[in-house]
Every structure is written in C-alpha cells, then in structure tokens.
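S.K.: One structure, pasted below without further comment.
There are 2 protein chains.
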Amino acid sequence: MTRPAIDSDRLARALRPIVGDDRISAKETDLTTYSRDMWPRLLISIREGTPLPHRAHLVVWPETVGEVAEIVRVARSQGVPIIPYGGGSGVCGGTVPVKGGIALDLKRMSAVAKIDRDDLICDVQAGANGEHFERELATRGYTFGHFPSSIYVSTVGGWVATRAAGQMSSKYGKVEDRIAGVTMVTGRGDIIDTDGLARSHRGPSWTQLLVGSEGTLGVITSARLRVSPAPELRVLRGYSFPDLIGGIEALRRIMQRGLRPAVLRLYDEFDTLMNALSGGGDRAPADIRHHHAPSPPAGAGALPRVPTQSADVEERSGLLGQIVGQLVPKDRRRGLTQSLRRELVAATLSRPRLFNNVAGPVASRGLRRGCRMIVGLEGSRVRTETEARLTFGELERAGGVDLGEEPGRRWLEHRYSVSYKMSPAFRAGAFVDTMEVASTWERLVDLYRSVRAAIAKHALVMAHLSHAYPEGCSIYFTFAGYADNQKHAEKLYDELWRSGMEAATRAGGTISHHHGVGLLKSLHMREEHRESMAILEALKASMDPDDIMNPGKLGLSAGGLS
Amino acid sequence: MTRPAIDSDRLARALRPIVGDDRISAKETDLTTYSRDMWPRLLISIREGTPLPHRAHLVVWPETVGEVAEIVRVARSQGVPIIPYGGGSGVCGGTVPVKGGIALDLKRMSAVAKIDRDDLICDVQAGANGEHFERELATRGYTFGHFPSSIYVSTVGGWVATRAAGQMSSKYGKVEDRIAGVTMVTGRGDIIDTDGLARSHRGPSWTQLLVGSEGTLGVITSARLRVSPAPELRVLRGYSFPDLIGGIEALRRIMQRGLRPAVLRLYDEFDTLMNALSGGGDRAPADIRHHHAPSPPAGAGALPRVPTQSADVEERSGLLGQIVGQLVPKDRRRGLTQSLRRELVAATLSRPRLFNNVAGPVASRGLRRGCRMIVGLEGSRVRTETEARLTFGELERAGGVDLGEEPGRRWLEHRYSVSYKMSPAFRAGAFVDTMEVASTWERLVDLYRSVRAAIAKHALVMAHLSHAYPEGCSIYFTFAGYADNQKHAEKLYDELWRSGMEAATRAGGTISHHHGVGLLKSLHMREEHRESMAILEALKASMDPDDIMNPGKLGLSAGGLS
Chain A
389 MTRPAIDSDR LARALRPIVG DDRISAKETD LTTYSRDMWP RLLISIREGT PLPHRAHLVV
449 WPETVGEVAE IVRVARSQGV PIIPYGGGSG VCGGTVPVKG GIALDLKRMS AVAKIDRDDL
509 ICDVQAGANG EHFERELATR GYTFGHFPSS IYVSTVGGWV ATRAAGQMSS KYGKVEDRIA
569 GVTMVTGRGD IIDTDGLARS HRGPSWTQLL VGSEGTLGVI TSARLRVSPA PELRVLRGYS
629 FPDLIGGIEA LRRIMQRGLR PAVLRLYDEF DTLMNALSGG GDRAPADIRH HHAPSPPAGA
689 GALPRVPTQS ADVEERSGLL GQIVGQLVPK DRRRGLTQSL RRELVAATLS RPRLFNNVAG
749 PVASRGLRRG CRMIVGLEGS RVRTETEARL TFGELERAGG VDLGEEPGRR WLEHRYSVSY
809 KMSPAFRAGA FVDTMEVAST WERLVDLYRS VRAAIAKHAL VMAHLSHAYP EGCSIYFTFA
869 GYADNQKHAE KLYDELWRSG MEAATRAGGT ISHHHGVGLL KSLHMREEHR ESMAILEALK
929 ASMDPDDIMN PGKLGLSAGG LS
Chain B
389 MTRPAIDSDR LARALRPIVG DDRISAKETD LTTYSRDMWP RLLISIREGT PLPHRAHLVV
449 WPETVGEVAE IVRVARSQGV PIIPYGGGSG VCGGTVPVKG GIALDLKRMS AVAKIDRDDL
509 ICDVQAGANG EHFERELATR GYTFGHFPSS IYVSTVGGWV ATRAAGQMSS KYGKVEDRIA
569 GVTMVTGRGD IIDTDGLARS HRGPSWTQLL VGSEGTLGVI TSARLRVSPA PELRVLRGYS
629 FPDLIGGIEA LRRIMQRGLR PAVLRLYDEF DTLMNALSGG GDRAPADIRH HHAPSPPAGA
689 GALPRVPTQS ADVEERSGLL GQIVGQLVPK DRRRGLTQSL RRELVAATLS RPRLFNNVAG
749 PVASRGLRRG CRMIVGLEGS RVRTETEARL TFGELERAGG VDLGEEPGRR WLEHRYSVSY
809 KMSPAFRAGA FVDTMEVAST WERLVDLYRS VRAAIAKHAL VMAHLSHAYP EGCSIYFTFA
869 GYADNQKHAE KLYDELWRSG MEAATRAGGT ISHHHGVGLL KSLHMREEHR ESMAILEALK
929 ASMDPDDIMN PGKLGLSAGG LS
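These protein sequence lines are chains A and B, in that order. 708 is the number that our numbering gives to position 320 of the first sequence; each next residue is one higher, with no gaps. 743 is the number that our numbering gives to position 355 of the second sequence; each next residue is one higher, with no gaps.
Following this line, the structure appears as structure tokens:
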C-alpha cells in the first residue's frame, strides 16, 4: 500500500471551515466503505478479510457547487487527490483511491429541478440516486429511459462519468445521447458549465469531453438531461431462435430498419439453458400459442418493486445458484451446509472447460433450447402498436418463434436482480464478474467466439447481447471462476481479464461498452486509443495540472503526463 | 493585407517532391479563387472589384493521407499556415487565409468506400462532393440523409468540420449525430484515427472533439458515416397556421411526442407572404380540399435535378426578385435596365424599418396568409404512413390547416435554390445573408423577436424554423441590406451582425446552429463559451502547438494561446 505524505489532520482543518464538522469524516468504517466499489477483484479480498489495498484519508460530503470548488482548491494547495464518489456501484475499481486522498461523496447534492414543460430538459444534481430520479420523473409524467440493473444504488453523476447504458438503451440511447450539458468543477477548482442552451454545436462539444471522464478531469456536479414523456403502452414478448447467429441477424435487421424497441436482449445457448433449468425456463416453442394482444399500459413510468432478496430467489436465479440447483435435488438444498456448498461449487467451477465446451453444448443441443430473446417496445400507443407489429414480423422472418408475453414479463420483474446476485457466489468461495465488449455487426460473431474462448479457459461463461445500434452491438459476458485461495483467485481473475481484453482487441472489438474503464481496464486504454491518448493527456494537463483528480485511472499514467 | 514572411518559392520547393508539379499552384487565378468562400461580406468587395483582404501563398491538392501528413510537416517546419479547403461554400469566412499560407484543397481525396451491408457505415474521404456522395449511396440503396442547400457545392469534410445540418435533420440528425469516426492529420503532422469500431464510449469521445473544429486542430481527411436504408416512401404536405407562435407550438409537440418527420419548416409571416406574392403562394386555406393520399414512392434516394438557373427563376424566387416583382409590373420587368433595377432595390432596402415593421405586417394581416409550414416524412412504407397520420393529427390539433401536397412538392423541387440566389441580389447592389441561431423552446419566441428586431433596423428580414429537436429549435433569418458604397455596406453589415449576435446571446440563444463560426463569429465564441474556452485552447496547444492550422478562427486568438 503506497501512502503519499498526506497530513489528514491538516487537511481536515482546512476543510472544516467549508463543510463543518458533520460533513467530514476520518472514521475507520467510513474510510473502509469509501475506499472500494463493487469491483469483483476487491470482493475477493473483502471475503477473505484482507485489508483493502488503498485507503482514502477523509470522506467529505459537499452540499453545493461552491463547496466542491473550495474543497478542490484546498486539495490542490495541499497536493491531495480527490475521488468523486456516487453510489459506489461501479465494477471496475474506478473509485479506488490509489494515492489516498479525499473520497468526495456527492449524494447530498441530489436535487432534481423543475422540468420545463417546453424543453423537456431536467437539471439534476450528480448525487441523485437513479431510482429516486426516475421515480420523481414518473410522478411528473416523464422518464429518462435509463434503467441500469444498478438503478437502486447508482447515481446520475456516476452514469455521466462512465457513459453508462441502461436496459432500454436501444430506444432511449446511452447517457451521452441524452445529455445537453454538464457542470463540472475542474481540477483547478474552476466551475465550468457546458452549453445548456439548445444544441449550439459551433465548435468542439465540451459536453462530450466531460462525459466519460471518470473523475479524472474534475467533479461533475450536475447535468442537464433530456427526458421523454412517460410511455402510454409497453409491449413485451419472448422469442426463440435456433442459434445465436440467427438471433444476431434479427437484431441487426431490426435496428437497421429504423425500428427502436426499448428492450432487445438475446441470450446465448448456455445462458438460455441456465435460465430454463433454473425454473425460469421458457416453454418449448412447440407448446406455445401466440399471444398477440398487447399488454395493458404500464402506467406512467411505473417501476417494478425492489426485487425480493430472499435466499431462494438468489439460489434459483443466480448463476451459482443455478449450478448448485442442477447438482443437488431441491428438497436437499435448504439443508446444504456452507462447506458442502463450497465443495459443490469448487467441483463445478474448477472444470470450466468441461462445462463450457462439453457438458453445456451437449445439454443445450439435447434440450434444443436454442437462443432466447426478450423484446420490449414502449411509447405512445399507436406508434408502439405499429412498431411492435413491424418488429415481430421482422423477428419471424429471421426465423424467430414467438414465445408469448410471459418471458418478457418475467424478465421485467427480475430485471435488476443481477446486481444482487454477487454475494451468494462469493460466500460459496467463487467469484463472478461481467465483461462487456462491443463491435460492429460484421465482427460481432468473431468477437463473441474469441472473447468467450478466452474466458472459457478460466471460468464458466455465458453471454447475452443487450445494447444494439444500427452499426453494431455490445456483448455482455457473465462468468464464474474458482480457486482454492485468495492469491490463486486473484491470479486467475487477472489472467482471465488480460486474455479477454486481448482477445477483444484482436477481434476488432472495444474493451468496454458501458461499465467504464476504472482501474480494471486502465492499462488497456493505450492499446486501443494509441496516438489519440495525446488528446486526453492534453485535457488532463489543462484541467487538472496537478493530477489530483482520481489519479491513476483511465489510462492516464499515475502522476506523470507525457 | 498582412503578409507574414512566407517564402513561396522555398515552400513550393519543399512541397514539390511530395505532390509533384501538377498539384501545386501559385497562379493568380488559383490564389484568388482559394482565398475566399461565399461569406457575403467578401462578396461585397468582390462585386466592387476590391482585392481580397487576405491571400494564400500556394494551393496544393493532396491525394493521400500520407501526403497530407508530409505537407503539414513541411508547413510546420517553415511556420506556414494551412487552411483545409473543401467546396468553398462556407458563408462565414472560415477558409479566409488571414495569415496567408497553403490552401489545401481536399477534393482529390473523394473516395467513397464500399459500405459494409452489416454495419451500415461508409468510410468516405473528406473531399467527396456532397451530391456525388448521396447519389453514390442512392445507387446502392442507401442515404446519408444530409441535404444542405449547398449539397451540389459542399464536401463531406466541410460538413464534418462545421457540424453541418441538412434539410432533413429532424429525422436523420446533424452530421455529428451520424458520425462514427474521423481520420485527422493534426497540426503536428500525426495521423489520428478516432474509434471507427462500434460505439466504444469508454472515455472522452475523440470523434466529437474533432467534429466542428473548422480546420483549427488539423486536417480531417476522412470520416466513417452512418448511412440509412433509402426511404421506401416520402410524404409531403403544406400546412397553414394563424401565427408563428401556433406553428412553433406544433413543432414542439411533434418532436416531444417522439415523431420524427424528415422535413419540418415553419415560415414566419413575412416569409410566407413573400413566397405567396412571388407566385409560389399557397392557395388560401379556405379554398383547399384535403389530399390525404400519400405520395408515390420517391424512388431509392432519388434527388431532384439541379435547379434551373434561368433569370426568371432567380427573379421570381429570390428575395430581391420578389421585391422587384412587387414594385414593377411583370411585363415591364424583362426590360428593366440594370440601373433602374438598382434604384428600385435601393429605394426598398434603404427603408428596412418601413417594410419590416409597417408595410410587411399590414400586408400580412390584410392578406391573412398566416404562417406556412412544410412537413415531410420518409422511411419504410408502413412506419411512414403511421408517422404521417400521427404528425398530421398533431398539426391539426395545434390549429394547422392542411394545404395539400402541392406546397411540399414545390418546396422539394426548389429546395436547393437558395444557394443560387445571391448573385442577382449582389448584382443589384444589395447584400443578402443568413443568420442561424438556436435555443430551447421556452426561449424561442423571445429569441425570434430579439434577433429579428436587431436585424430589422438594418435590413429587410424574414425567417423560418427548420431544425427542430425535442428540446428546442433553430431559427434561420434571411436578410437583405443596401448601402450606397462598399464602405457603407461593410459598416452596415458589421453593425447588423454585431447587434444580431448580441441580441441572440442576451436572449439565451446560441450564436450559430450549423453554418459554423469562421471569421464572422470568431469574436463571439468567447462571449458564449467563457471559461470553457480553456479546453479548446488546451487542445489547440496540444494538437497544433505552432498555430499553423487555420489560424485566427473559432475564437482562438491568432498566434497566441493563453
């Protein structure tokens, strides 16, 4: 653990006049809480009780942009790093304080301003919780249309800082498509407002510079976001395709025809099989009668309730739970001791190649589950009905078989559950993680095969495609690995990621789609951006000349600018 | 005329090994041609035979990216500016060589690569002519959907460098919405490719940095553009609204309901009146029977023919022609001598307040023309039919009266004519120009009134709204002014622009929407961007440390970086 010469007491003395005693903390619990995020590599340490590799010196809770600017100026004068902190739900270690410093929690800046009916732009502060924001919009008849599985625990500022995508991005776009302006306090302590006025577009777009900067240029304190009228109608449907390639072709055709379903999720064979086996299985296509009646209105932006966190749900729907479920009869599962469960998990996950390349494919072919797709459309009634008709027609022409509404309804109910499935896996001694890459359509199948093969050597892997564009799509791999101790687990984890990222780059894909870069992928930034990194370095040198803003991230060499 | 110590012969000697003798010129005709664009302020000088204020030293025609990089390196070593040059159709003086140097004409780099059917991205070189590009796409069954009135004389590189918008931007987006990647040779002579691979979005978006840089950071040599399937159906319709505010409300409702007509043009009272008087008038609403049958398919991306350049068309449709037409009976017009015509124009345009504030409004109210709107929808057949039905319904609910297909058809036929109407106005001793500003909806009426009032003191002015977004819209003012000699005309022109830009800024609008900044608005950049200019300056310092790339533009102080 590198700990630069930061004098916490001196720092606290300088900050206290700005925020008072109550909004500054050096308590052990706070420092531990704020020196991590949900990066699975950290969760391995945390499970084993190992101290976190890096620690913040102070946690500070500002309440105004002016306070943020004053804090930055103090930090700069003392050479202390600042790590902007939202919900802590990142999965790439983006908020790890690699050089210590101030964890700047923005959650007290969470105001959602009045929406001007005329311009449909909402000025919202960075610390606003995602679900609160969406619920607030819903009461006024609007939606932002951004539904990440982390929505209950992530913040608007975090979305903007990482170029996040929600589950309905194929209709509403990623965050960067929905942003009109940003307010940022730079590493110099200056407050910058990018164009909040309409779409001026006269020169370089300042907004797009700051979106995705992951705290390395400054603190995003608020954003002007484009909201949409709440949908009048939502239609959901499941489809089955004989194989992944057929499903991919259907996604491409839909997007390139200009159709914009809100939800488009295509699961690969193994993911489809796991889902079926875990009790969430679609009825076999032959059993299905088509249900073409559109669903009742979802209500103005109605959100599903927070998923129930019962052990049973976790067991049944989590990847590990699914595996345990297949190995142990249901009536015996409740009585499984922790040690027996660990043994079963170890037995399974220690042989990833067997399951990935033999058992999985054999079972998948034998059970003829093919590849499942979830399709959802929403918006105004007449348009949605037409768009649904055209979309379903396209799916059927591409060889899809209609599974009715049920798979879609079920997906909607559990759509945020994945963010709550990590704990049982880690408790069972394994690690789980996700890797999201992207490419244009013509490279997509190769990208899928290459990255899957790279992961499959090390962990059980399944995948789905869930963010489609006219020109391409992202692929979201979920994997579970196991090693007998922390050191081995971390080594396995690092090898898996290195080979996955290299495979993605070789196949002409990008190393990330919407989880951001963080610490996890920082070293891979330069591989992909090459000479363009000079631009980011120029910005960094200008906006944060003393490298106090989230140092060591986004491929910017810690401390030194070239 | 400032002429820095550039040694043309030495420069030519260094460049000849790169491009050979044929692709470099120091001929007077070439230098004159390439030291201007279509900025109306320059046209005043040109009409009077006054030498251009700034001159390039050489014109060079590169054929490869490698050549461009070599040319930039030579220029840098000799401290010589480079002004990237496309079609020369800009209207803000963006290609004026204020410090001399090399006019780098990219028109020999005009290749349109094969479109991958899979990803719908087309790699096109910067010098490709807009209309050739669109026609080439049309033969393959695609459209880029970008139709500026300059399409016959502008280039793809020019569009990208200025963040251009075409007449169908409400459906297809502005250029920056349709761009996946850019290749640029920076002012250092380095070749940068921004992400051409899918939508990676891990960090700051390099592409959006370079779009709109107007040659100040480097030479854009090619772009990866998103194309769309050619439309199966095009529907066009005219509508009439009692007043501008009603029409604006209709535009807002359409965009905020998620409808995306390709064409949405709302003309103010004076523009509507002028159009009606010039023989292109809509029938009065009361005479109209509604024609709801959709038009026949437009054919795959079919383009109208180049507008006929007969004097009659110019006289009838040009703003000046319209005025002359009102003052002189038709059978006498052909025989008008040039001097008599000048007198008539002078008599009219010397009294802008009279026409703008008295005669125009009185005539408009008396003739009850209201405000005309042109609406066009296109895309796949079923979707377009539905979208047209919903759009027309919305227009009627907002108080619009259906004028049938004819106004839309007529607009489509003449849609590029405006770019060919400047010559007769200048020949008649006047100047004409356009000013495009933008804001969010709630400020739009105030912006319209403020900017119109500022211009109306100096020139005859009309306006239309033609690029709408869910959050706001742009306003496009067309104006004609007159003064008795060049010096007075330039003074009037400068005063008009200064007061127009100040009015726009005061009303919370932006100084430009899609014509770019150029020389014309360079001084106003800092007023609007304020502290954010530091970002552009940082980029400039990094990518073009010797300030050789189009110096003196985009609000970057000529020569010095702060």
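Ideal placement from N, C-alpha and C gives every residue a C-beta, glycine not left out.
Mind listing which residues of the region 769–803 of chain B have their C-beta closer than 7 Å to chain A's C-betas, in chain order?
M.R.: 770, 771, 774, 778
S.K.: In chain A, which residues lie less than 9 Å from residue 930(B) when you measure between Cβ atoms?
M.R.: Reading the second sequence from its first residue, position 542 is the one you call residue 930(B). 922, 923, 925, 926, 927, 929, 930, listed in chain order.
S.K.: Which one or two residues does DSSP pair with residue 850(B) in a beta bridge?
M.R.: Along the second sequence, read from residue 1 onward, the residue named residue 850(B) stands at position 462. Bridge partners of residue 850(B): 866(B).
S.K.: Note down, in chain order, every chain A residue with its Cβ under 7 Å from the Cβ of residue 644(B).
M.R.: Along the second sequence, one-based indexing puts residue 644(B) at 256. Those within 7 Å of residue 644(B) in chain A are 508, 617.
S.K.: Alpha carbon to alpha carbon, what distance is there between residue 765(A) and residue 939(A)?
M.R.: Working through the first sequence from its first residue, we reach residue 939(A) at position 551. Working through the first sequence from its first residue, we reach residue 765(A) at position 377. Approximately 42 Å, taken between the alpha carbons.
S.K.: At the level of alpha carbons, what is the spacing between residue 510(B) and residue 407(A)?
M.R.: Counting from 1 along the second sequence, the entry for residue 510(B) is found at position 122. Counting from 1 along the first sequence, the entry for residue 407(A) is found at position 19. Roughly 53 Å between the two C-alpha positions.
S.K.: Leaving aside the five residues before and after residue 442(B) along the sequence, list all residues of the same chain whose C-beta is less than 8 Å from its C-beta, in chain order.
M.R.: Residue mapping note: residue 442(B) aligns to position 54 of the second sequence, counting from 1. For residue 442(B), where only same-chain residues beyond five positions count, the Cβ hits under 8 Å are 389, 390, 423, 484, 485, 486, 487, 488.
S.K.: Could you tell me how far apart the beta carbons of residue 570(A) and residue 595(A) are, in whole angstroms, since I believe they sit closer than 8 Å?
M.R.: One-based indexing of the first sequence puts residue 570(A) at position 182. One-based indexing of the first sequence puts residue 595(A) at position 207. Residue 570(A) to residue 595(A), Cβ: 5 Å. Contact.
S.K.: What three-state label does DSSP hand residue 517(A) in the structure shown?
M.R.: Position 129 of the first sequence, counted from the start, is the residue given in the question as residue 517(A). Residue state, collapsed to three classes: strand.
S.K.: Is the Cβ-Cβ distance between residue 801(B) and residue 625(B) less than 8 Å?
M.R.: Sequence index remark: in the second sequence, residue 801(B) carries index 413 (1-based). Sequence index remark: in the second sequence, residue 625(B) carries index 237 (1-based). Against a cut-off of 8 Å, the Cβ pair of residue 625(B) and residue 801(B) comes out as no contact.
S.K.: Would residue 903(B) pass as a contact of residue 480(B) if the rule is Cβ separation under 8 Å?
M.R.: Numbered from 1 along the second sequence, position 515 holds the residue referred to as residue 903(B). Numbered from 1 along the second sequence, position 92 holds the residue referred to as residue 480(B). Yes.
S.K.: If contacts are defined as beta-carbon pairs under 8 Å, then residue 599(A) and residue 548(A) qualify, I think. What distance do you get, rounded to the angstrom?
M.R.: The residue you call residue 599(A) lines up with position 211 of the first sequence. The residue you call residue 548(A) lines up with position 160 of the first sequence. Rounded, the Cβ-Cβ distance is 6 Å, consistent with contact.
S.K.: Output needed for residue 846(B): all residues of its chain with C-beta closer than 7 Å, excluding positions within five of it in sequence on either side, in chain order.
M.R.: Along the second sequence, one-based indexing puts residue 846(B) at 458. Contacts found: 740, 869, 880, 883, 884.
S.K.: If you run the structure through DSSP and keep just helix, strand and coil, what is residue 937(B)?
M.R.: By 1-based counting over the second sequence, the position of residue 937(B) is 549. The answer is strand: DSSP assigns residue 937(B) an E or B state.
S.K.: How long is the line joining the alpha carbons of residue 501(A) and residue 942(A), rounded to whole angstroms?
M.R.: The residue given as residue 501(A) occupies position 113 in the first sequence. The residue given as residue 942(A) occupies position 554 in the first sequence. Computed Cα separation, rounded: 31 Å.
S.K.: What did DSSP end up calling residue 768(A) once you bin it into helix, strand or coil?
M.R.: Numbered from 1 along the first sequence, position 380 holds the residue referred to as residue 768(A). DSSP places residue 768(A) in coil when its eight states are reduced to three.
S.K.: Find out if the Cβ-Cβ distance for the pair residue 642(A), residue 736(A) is shorter than 8 Å.
M.R.: Taking the first sequence and counting its residues from 1, one reaches residue 642(A) at position 254. Taking the first sequence and counting its residues from 1, one reaches residue 736(A) at position 348. For residue 642(A) and residue 736(A), no; Cβs fall outside 8 Å.
S.K.: State the Cα-Cα distance for the pair residue 403(A) and residue 396(A), rounded to the nearest angstrom.
M.R.: Here residue 403(A) corresponds to residue number 15 of the first sequence, with the count starting at 1. Here residue 396(A) corresponds to residue number 8 of the first sequence, with the count starting at 1. Going by the C-alpha atoms only, they are around 10 Å apart.
S.K.: Find the residues of chain B that neighbour residue 580(A), judging by a C-beta separation of less than 9 Å, and give them in chain order.
M.R.: To locate residue 580(A), count along the first sequence from 1; it is residue 192. Result: 918, 919, 920, 922, 923.
S.K.: Per DSSP, residue 617(B) forms a beta bridge with which residues?
M.R.: Translated into the one-based positions of the second sequence, residue 617(B) becomes position 229. Beta-bridge pairing links residue 617(B) to 530(B).
S.K.: Taking residue 878(A) as the reference, which of 834(A), 817(A), 460(A) has the closest Cα?
M.R.: Translated into the one-based positions of the first sequence, residue 878(A) becomes position 490. The residue with the shortest Cα to Cα distance from residue 878(A) is 817(A).
S.K.: Interface residues of chain A around residue 606(B) at Cβ under 9 Å?
M.R.: Residue numbering aside, residue 606(B) sits at position 218 when the second sequence is read from its first letter. In chain order: nothing, as chain A lies at least about 11 Å away.
S.K.: Label residue 574(A) either buried or exposed according to how many other C-beta atoms from any shown protein chain fall within 10 Å of its C-beta, with 16 as the threshold for buried.
M.R.: In the first sequence, the residue the question calls residue 574(A) occupies position 186. Label assigned to residue 574(A): buried.
S.K.: Under 8 Å between C-beta atoms, does residue 682(A) make it to chain B?
M.R.: Start at 1 with the first residue of the first sequence, and residue 682(A) comes out as number 294. For residue 682(A), the predicted structure reports a pLDDT of 36, less than 50, and the residue's modelled location is therefore unreliable. A value from the coordinates is still provided. Not one chain B Cβ lies under 8 Å of residue 682(A).
S.K.: Where does residue 633(B) land, buried or exposed, given buried means 16+ other C-beta within 10 angstroms?
M.R.: Sequence index remark: in the second sequence, residue 633(B) carries index 245 (1-based). Counting Cβ neighbours within 10 Å, residue 633(B) comes out exposed, since fewer than 16 surround it.
S.K.: Can you grab the Cα-Cα spacing for the pair residue 821(B) / residue 866(B), in whole Å?
M.R.: Taking the first residue of the second sequence as 1, we reach residue 821(B) at position 433. Taking the first residue of the second sequence as 1, we reach residue 866(B) at position 478. Cα to Cα, residue 821(B) sits roughly 6 Å from residue 866(B).
S.K.: Rounding to the nearest angstrom, what Cα-Cα distance links residue 753(A) and residue 627(A) in this structure?
M.R.: As a position in the first sequence, residue 753(A) is number 365, starting the count at 1. As a position in the first sequence, residue 627(A) is number 239, starting the count at 1. Going by the C-alpha atoms only, they are around 18 Å apart.
S.K.: So, at 8 Å on beta carbons, what are the nonlocal neighbours of residue 464(B) in its own chain, with the 5 sequence-adjacent residues on each side left out?
M.R.: By one-based count along the second sequence, residue 464(B) stands at place 76. Hits under 8 Å: 575, 576, 577, 934, 936.
S.K.: I want to see whether chain A comes within less than 8 Å of residue 640(B), judged by CB atoms only; does it?
M.R.: Counted from its first residue, the second sequence places residue 640(B) at position 252. Yes, its Cβ sits closer than 8 Å to a Cβ of chain A.
S.K.: Using Cβ-Cβ distances below 7 Å, what residues of the region 823–838 of chain A are close to chain B?
M.R.: The residues in question are 826, 827, 828, 829, 830.
S.K.: With a threshold of 7 Å on Cβ separation, who are the neighbours of residue 804(B) within its own chain once the five nearest residues in sequence on each side are excluded?
M.R.: Numbered from its first residue, the second sequence carries residue 804(B) at position 416. Sequence-distant partners of residue 804(B) (beyond 5 residues in either direction) whose C-beta falls short of 7 Å from its own C-beta, in its chain, are 537, 539, 540, 695.
S.K.: Excluding five sequence neighbours on each side, which residues of the same chain lie with their C-beta closer than 7 Å to the C-beta of residue 833(A)?
M.R.: For the purposes of this step, residue 833(A) is taken as the residue at position 445 of the first sequence. Result list for residue 833(A): 633, 636, in chain order.
S.K.: Do you know offhand how far residue 944(A)'s Cα is from residue 824(A)'s?
M.R.: Along the first sequence, read from residue 1 onward, the residue named residue 944(A) stands at position 556. Along the first sequence, read from residue 1 onward, the residue named residue 824(A) stands at position 436. For residue 944(A) and residue 824(A), the distance between alpha carbons rounds to 21 Å.
S.K.: With a threshold of 8 Å between beta-carbons, can residue 631(B) be considered close to chain A, or not?
M.R.: What you label residue 631(B) is simply residue 243 of the second sequence in a count that begins at 1. No, its Cβ sits nowhere closer than 8 Å to a Cβ of chain A.
S.K.: What separation, rounded to the nearest whole angstrom, lies between the Cα atoms of residue 923(A) and residue 875(B)?
M.R.: Along the first sequence, read from residue 1 onward, the residue named residue 923(A) stands at position 535. Along the second sequence, read from residue 1 onward, the residue named residue 875(B) stands at position 487. Straight-line Cα distance between these residues: approximately 44 Å.
S.K.: Using the three-state DSSP reduction, which class does residue 472(A) fall into: helix, strand or coil?
M.R.: Looking up residue 472(A) in the first sequence gives position 84. In the structure shown, residue 472(A) adopts extended strand secondary structure according to DSSP, grouped into three states.
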